[in-house]
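Count along the sequence shown from 1, then add 61; that gives the number in my numbering.
Below is one structure, written out as structure tokens; the observations come after it.
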Amino acid sequence: MFVGVALPELAALTTRLREGLGDHAFEALLRPAETMTIAAIAAYAYGQIDRARAELEDAG
Numbered sequence: 062m063f064v065g066v067a068l069p070e071l072a073a074l075t076t077r078l079r080e081g082l083g084d085h086a087f088e089a090l091l092r093p094a095e096t097m098t099i100a101a102i103a104a105y106a107y108g109q110i111d112r113a114r115a116e117l118e119d120a121g
């Protein structure tokens, strides 16, 4: 897996998430992301950033 080699901290995070959620839940959450285009992934990431910024602004 390229990501695990290029960004080892992501491999560790993936392991922790799988252990915490369990295999079934982890795979169910991962499945929709497997078919996303790069553009869709970028749009999702930007949306999450915007959401986090709005929450931080609301928190003051």
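All C-beta atoms in this analysis are idealised placements derived from N, C-alpha and C, irrespective of residue type, glycine included.
Within 7 Å, strictly: CB atoms of residue i and residue j
i	j	result
A87	R79	The sequence given here places Phe at residue 87; Ala does not occur at that position. The answer is yes: Cβ separation under 7 Å.
Residue i (DSSP reduced to helix, strand or coil)
i	result
G81	helix
L68	coil
T76	helix
Run of the alpha helix (DSSP H) containing residue i, from where it starts to where it stops
i	result
G108	I99 to A120
Proximal residues to residue i (C-beta, below 7 Å), its chain only, five neighbours per side dropped
i	result
E118	none
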